[in-house]
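The next block holds one structure in the form of structure tokens; read it before the comments.
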Amino acid sequence: MKTKLLLVVLAVIALVVLAGEVTIWSWRTQDAEVWKQVEAELRKAGHDIKINFMAFAPTEYDAKVNLSLQTNTGPDIVYSRRITPGGTYPLIDNGLYLSIDDVVDFSNFPQEVLKFVTYNGKKYGVPFAVQVVGIFYNKEYYNKFKLKEPETWDELVENAKVLKKNGITPFFIPGKEAWALAMQHAMCGVSVLGPEWIKKLTNGETNFLDPKFTDLNKKLNDLKVYYQDGFLANSTVDQDAAFAFGQAGMVFYGIWGYQTWRQLNPDIQVGYFMVPPATKGEKPYAYVYMDGAITLTSNVKNRKDAVEVLKFCATPQFGTIFANITKNIPAVSGANLPKDPLFEEIVDVYANHASPYIYWVGSVFVTKKPDLYNDVLSPGMQELYAGKITPEELSKKAQDAISQWYPPLMKK
Amino acid sequence: MKIKLKYILAFVLPAMFLYTIFVIYPLFDSLRLSFYSWRGVGPKIFVGLRNYKDMFTGGFSKEVFNAFSHNIYFFALVSTLELGLGFLIALLLASKIKGTKIFRTVVYLPNMIPLVMVGFMWSLFLHPQIGLVNQFLKVIGLGTLARPWLGDPNLALTTIIMVNVWRNLGFYVLVILASILNISPDLIEAAYIDGATNWKISWKIIFPLTVPTFRTLLILLFIGSFNVFDMIYALAGVQAGPFRSTDVLGTVFYRTAFGGLGSAYTDMGLGAAVTVFIFMIVMPMSILYVYLVERSDRR
């Protein structure tokens, strides 16, 4: 009896050890549970695959991937960024990311998402999420103080005034993280400036010195009296805790924060609205972008199983797992999305209110150096909020930087 | 007794081998890389002196010189505080007050805390809303002095330097204390007999006799200040915010070579040029340090 039991235990151990291991690297720590469930589903379907998921700090992730893939010490699969000339092109050109058109069925993806993973007509990765950013608010406070979702910028300021008067910090801003301020500017831009204005900017019919752009800088600068004290020293971790536990009424953020807020405080009631436009009658828009893709690398040691994982990532079943765990919108269509009013609203915004023209992530203005995101808005917004530069100077910085390399804005 | 060459080589070669692999090779490879443009993948493109030109005259120069000025400020403040306070505390401990041994341990304690822990601990202490520092100021009625210490561009670097002083002061106290205790007690006793005051003994006898130690420590502080990275990284991150107000050459190098979110310039070659620049600053001081140590050994 003992011998039999020992044999069974040994057999189980052997099965686990011998299972095809697929290593996946990511910058998203929150996805660990997703891969556990994917592994379980693949096993159910008869694939003896063990997924080894590892997450790294976002600020160090790209360098780690680049270096390890070149020294053949990288994983089978990586989370890759959107395809851009400076970022992803060299990895593809040097054969470190592999195209997967022949092995993965992309019929469940809309074309506008696939364009972010397509290079020279080939697809380099399975898109995993679409992000929607905007203003998230604490519903309890909105109900308590009889506030309604603002339809204009002035109404937003009025709401902030009411919250402040009642002892609630209206906005929690993670000012220490410059990227979050650039994102705040960009999400306000799609509504306050409007897609038509951004289209004109992209075509060179206007430029960053346009008073409308400076007026947006001014609006944001004026709003800082409604931010928490010392906001330039706060991180997104501080923001998550403060918002989840009701220390602030609103945050300028993305839907990816929802999972953390609910984990910290399962009772929190979160609402969402797009940044309101400057005047009544104008339509609000949301900033929507593809977050990244799951990509096969040249370092793949277990190609057969890695391909199985990628095939699964392109199915609505993966989208269902991904959305239910992370509360992010899956890039794949046809998934069963969580029955959550906020999530349903966000999905509707993604489908019907995404701004067709943008100037932050995914736009032409971040494709060359100096770019609008890293070189202008990230440090520029911190300088503006710290009172080191004026709204006019921020506009000038933007124009000076982009006109160095973007032909439509040269000599404007 | 004359040692045979083969024995000398047997002992020296393994160390030389490791030194060559981990110090000499990376050094020369960095120098070589600084003449190339390389995004971390793909072919390295030879660009001659372009990286150096960018570093000193191009758009990148603003970032480099901003960081360089912070390194100088870091050195000035750290050396004034660590050597100044270090001398005063060492003097106190050398005067054999009650509980000297306990004080000696207490003063060295922060030095034993891992730097990552120091960073984590102090970011909590300095938190603008719930931090111990601001809460303490409020409790004692000095609430108006509460600040977002790491979020105010005028205060952030000084705040980080203060944390650095808090952590490293113990080391300097112990070294200066050893130097003070090395002074012959006869000299001090003779001065007392001649009617010298404590002040006179401190400044006319003890201080001049500890100057060689100060000189050595100053050089070590210079090298440390221009190589500083970890403390800034732990408290302000690689972006060295707000808007580069805590940036030093070490963080410029890290961002440039390894990229990451919010990096304005990313190129391994340009990053290597920054390291060569740091090396050119630190190397002469290192040579001076070795010379001074050897000279004192010879005496």
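Which chain is which? The protein sequence lines are Y and C, in order.
In terms of this note's numbering, the first sequence has 63 at position 63, counting the first letter as 1, and numbering is strictly consecutive.
In terms of this note's numbering, the second sequence has 113 at position 113, counting the first letter as 1, and numbering is strictly consecutive.
Note that beta-carbon positions come from the ideal geometry of N, C-alpha and C, so glycine has one too.
Counting Cβ pairs, one atom from each stretch, are 3 or more of them under 8 angstroms apart for the segment 228-243 of chain Y and the segment 29-48 of chain C? no
Out of Gly194(Y), Ile268(Y), Met410(Y), state which residue places its alpha-carbon closest to the alpha-carbon of Tyr141(Y). In the first sequence, the residue the question calls residue 141(Y) occupies position 141. Out of Gly194(Y), Ile268(Y), Met410(Y), Ile268(Y) has the C-alpha closest to the C-alpha of Tyr141(Y).
Does DSSP put Gly271(Y) in a helix, in a strand, or in coil? Taking the first sequence and counting its residues from 1, one reaches residue 271(Y) at position 271. The answer is strand: DSSP assigns Gly271(Y) an E or B state.
To which residues of the same chain is Leu77(C) closer than 6 angstroms at the C-beta, ignoring the five residues directly before and after it? Indexing the second sequence from 1 puts residue 77(C) at position 77. Once the five neighbours on either side are set aside, the close Cβ partners of Leu77(C) are Ile161.
Residue of Trp405(Y), Ala314(Y), Lys369(Y) minimising C-alpha distance to Lys123(Y): Counting from 1 along the first sequence, the entry for residue 123(Y) is found at position 123. Nearest C-alpha to Lys123(Y): Ala314(Y).
According to DSSP, simplified to helix, strand and coil, what is Phe68(C)? Reading the second sequence from its first residue, position 68 is the one you call residue 68(C). Secondary structure at Phe68(C): helix, using DSSP grouped into helix, strand and coil.
Using a Cβ-Cβ cut-off of less than 7 angstroms, list which residues of the segment 122-134 of chain C approach chain Y; keep chain order. Pro128, Gln129
Alpha helix (DSSP H) segment containing Lys219(Y), residue limits: Working through the first sequence from its first residue, we reach residue 219(Y) at position 219. Here the alpha helix (DSSP H) through Lys219(Y) covers 211-223.
Neighbouring residues, chain Y, relative to Arg39(C) (Cβ below 7 angstroms): The residue given as residue 39(C) occupies position 39 in the second sequence. What Arg39(C) touches in chain Y: Pro90.
Find out if the Cβ-Cβ distance for the pair Lys280(Y), Glu151(Y) is shorter than 8 angstroms. What you label residue 280(Y) is simply residue 280 of the first sequence in a count that begins at 1. What you label residue 151(Y) is simply residue 151 of the first sequence in a count that begins at 1. Cβ atoms of Lys280(Y) and Glu151(Y): closer than 8 angstroms.
The alpha helix (DSSP H) enclosing Trp35(Y), as first and last residue numbers: By one-based count along the first sequence, residue 35(Y) stands at place 35. Run containing Trp35(Y): 32-44, per the alpha helix (DSSP H) assignment.
Ordered along the chain, which non-local residues of its own chain (more than five positions away) have a Cβ less than 7 angstroms from that of Lys218(Y)? Residue mapping note: residue 218(Y) aligns to position 218 of the first sequence, counting from 1. Around Lys218(Y): Pro391.
Per DSSP, what kind of secondary structure is Lys62(C) in: helix, strand or coil? As a position in the second sequence, residue 62(C) is number 62, starting the count at 1. DSSP places Lys62(C) in helix when its eight states are reduced to three.
Can you confirm whether Glu392(Y), when its beta carbon is compared against all beta carbons of chain C, has any partner nearer than 8 angstroms? Translated into positions along the first sequence, residue 392(Y) becomes position 392. No - not a single Cβ of chain C is within 8 angstroms of the one on Glu392(Y).
What is the DSSP secondary structure of Ser37(C), reduced to helix, strand or coil? Walking along the second sequence from the start, residue 37(C) turns up at place 37. It is a strand residue.
Excluding the 5 residues preceding and the 5 following Lys146(Y) in the sequence, name in chain order all residues of the same chain whose CB lies nearer than 6 angstroms to its CB. The count along the first sequence starts at 1 and reaches residue 146(Y) at position 146. There are no such residues.
Just to confirm my understanding: we take Met410(Y), look at its own chain, exclude 5 residues before and 5 after, and list those with CB closer than 7 angstroms. What are they? For this step, residue 410(Y) is matched to residue 410 along the first sequence. Cβ-Cβ distances below 7 angstroms link Met410(Y) to Ser403 in the same chain, with the five nearest sequence neighbours on each side left out; the list follows chain order.
Could you check which residue in Val107(C), Val228(C), Ser123(C) has the C-alpha nearest to that of Val248(C)? Counted from its first residue, the second sequence places residue 248(C) at position 248. Cα-wise, what sits closest to Val248(C) is Val228(C).
According to DSSP, Gly429(Y) sits in a beta bridge with which residue or residues? Summary: the structure shown does not reach residue 429(Y), with chain Y confined to residues 1 through 412, and so no result is reported for it.
Where Phe171(C) falls: helix, strand or coil (DSSP): Counting from one through the second sequence, the residue named residue 171(C) turns up at place 171. Helix, per DSSP.
Could you give the uninterrupted runs of the alpha helix (DSSP H) lying entirely in the segment 276-318 of chain Y, keeping only those of 4 residues or more? 303-313
Please list, in chain order, the chain C residues whose beta carbon lies closer than 7 angstroms to that of Glu382(Y). For the purposes of this step, residue 382(Y) is taken as the residue at position 382 of the first sequence. The amino acid at residue 382(Y) is misidentified as Glu; the sequence shows Gln. Residues of chain C passing the Cβ test: Gly241, Pro242, Phe243.
Beta-carbon within less than 7 angstroms of Glu33(Y)'s beta-carbon, same chain only, minus the 5 sequence neighbours each way: which residues are those? Looking up residue 33(Y) in the first sequence gives position 33. Same-chain partners within the cutoff: Ile325.
Given Asp375(Y), which residues of its chain have a CB within under 6 angstroms of its CB, disregarding the five upstream and five downstream residues? The residue labelled residue 375(Y) in the question sits at position 375 within the first sequence. Same-chain partners within the cutoff: Ala401.
Using C-beta distances below 8 angstroms, list every residue in its chain close to Leu310(Y), excluding the 5 sequence neighbours before and after it, in chain order. If you number the first sequence from 1, residue 310(Y) lands on position 310. Answer for Leu310(Y): Ile77, Ile100, Val103, Val104, Val126, Ile294, Leu296, listed in chain order.
Straight-line CA distance for Leu18(Y) to Pro316(Y)? Residue numbering aside, residue 18(Y) sits at position 18 when the first sequence is read from its first letter. Residue numbering aside, residue 316(Y) sits at position 316 when the first sequence is read from its first letter. For Leu18(Y), the predicted structure reports a pLDDT of 48, less than 50, and the residue's modelled location is therefore unreliable. A value from the coordinates is still provided. Their backbone Cα atoms lie some 29 angstroms apart in a straight line.
Check the Cβ-Cβ distances between Leu33(C) and every residue of chain Y, and say whether any is below 8 angstroms. In the second sequence, the residue the question calls residue 33(C) occupies position 33. Leu33(C) does not count as touching chain Y.
Do you know offhand how far Gly119(C)'s Cα is from Asn66(C)'s? Here residue 119(C) refers to the residue found at position 119 when the second sequence is read from its first residue. Here residue 66(C) refers to the residue found at position 66 when the second sequence is read from its first residue. C-alpha separation (whole angstroms): 23 angstroms.
Where Thr367(Y) falls: helix, strand or coil (DSSP): Position 367 of the first sequence, counting from 1, holds the residue named residue 367(Y). In the structure shown, Thr367(Y) sits in coil (DSSP, three-state: anything other than H, G, I, E or B).
Check distances from the C-beta atoms of the segment 121-152 of chain Y to those of chain C and list, in chain order, the residues that come in under 9 angstroms. Taking 9 angstroms as the Cβ-Cβ cut-off, the segment 121-152 of chain Y has no residue approaching chain C.
CB contact flag (Tyr265(C), Phe60(C), <8 angstroms): Position 265 of the second sequence, counted from the first residue, corresponds to residue 265(C). Position 60 of the second sequence, counted from the first residue, corresponds to residue 60(C). Yes, they are a contact pair.
Please check the pair Ile358(Y) and Ile198(Y), which I expect to be a contact at CB under 8 angstroms, by giving their CB distance rounded to whole angstroms. Numbered from 1 along the first sequence, position 358 holds the residue referred to as residue 358(Y). Numbered from 1 along the first sequence, position 198 holds the residue referred to as residue 198(Y). 6 angstroms between Cβ atoms; contact.
is_contact[Gly163(Y), chain C] using C-beta, thresh 8 angstroms: Counting from 1 along the first sequence, the entry for residue 163(Y) is found at position 163. According to the sequence provided, residue 163(Y) is Leu. The question's Gly does not apply to it. No, because no Cβ of chain C sits closer than 8 angstroms to the Cβ of Leu163(Y).
When you compare the CB of Ala186(Y) with every CB in chain C, is at least one pair closer than 8 angstroms? Your numbering for residue 186(Y) matches position 186 in the first sequence. No - not a single Cβ of chain C is within 8 angstroms of the one on Ala186(Y).
Under the rule that 16 or more other beta-carbon atoms within 10 Å means buried, what is Trp203(C), buried or exposed? Against the second sequence, residue 203(C) aligns to sequence position 203. Residue environment: Trp203(C) is assigned as exposed (fewer than 16 neighbouring CB atoms within 10 Å of its CB, all protein chains considered).
From Val38(Y) to Gln129(C), what does the alpha carbon distance come to, in whole angstroms? Translated into the one-based positions of the first sequence, residue 38(Y) becomes position 38. Translated into the one-based positions of the second sequence, residue 129(C) becomes position 129. Each residue's Cα considered, the two are about 41 angstroms apart.
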